[in-house]
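Residue numbers (the numbering used here): 8 to 88.
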């Protein structure tokens with residue numbers, strides 16, 4: 008199933024598939040936010056912005072509008088059903 012980072016629930020993971028039409032900040036690429044890497048949504052701030060993600064052991068805070076540009080391939084875990 009394909010979702011973007013903003014669609015995830017805390018604790019849910021996905022593999023970065025591609026980036027949307029708009030560019031994402033170079034800093035995210037430098038921190039390991041690259042296609043093929045595993046990403047986990049750690050926490051959502053009280054007003055739903057920013058989102059805290061874990062990519063390769065780095066915890067990163069990103070804005071919701073940027074999170075919507077990062078497409079993921081999410082594997083449904085049978086234990087969460």
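Glycine included, each C-beta is placed from N, C-alpha and C at the ideal position.
All figures in this text were calculated on a predicted structure; none of them were measured in a lab.
Bounding residues of the beta strand (DSSP E) (the contiguous stretch that carries residue i)
i, result
"residue 30", "Looking at the DSSP string, residue 30 is not in any beta strand (DSSP E), and its letter there is neither H nor E."
"residue 61", "58 to 62"
"residue 51", "45 to 51"
Rounded Cβ spacing between residue i and residue j (contact assumed at less than 8 Å)
i, j, result
"residue 21", "residue 81", "4 Å"
"residue 7", "residue 79", "This structure gives no information on residue 7, because the portion of the chain shown stretches from 8 to 88."
"residue 44", "residue 33", "Not really, about 16 Å apart at Cβ, beyond 8 Å."
Three-state secondary structure assigned by DSSP to residue i
i, result
"residue 37", "helix"
"residue 87", "Note that residue 87 has pLDDT 47, beneath the 50 cutoff, so the model's placement of it is unreliable and no number is given."
"residue 12", "helix"
"residue 74", "helix"
For residue i, the residue or residues it bridges with in DSSP
i, result
"residue 19", "In the DSSP output, where bridge partners are listed per residue, residue 19 has none listed."
"residue 79", "10 and 23"
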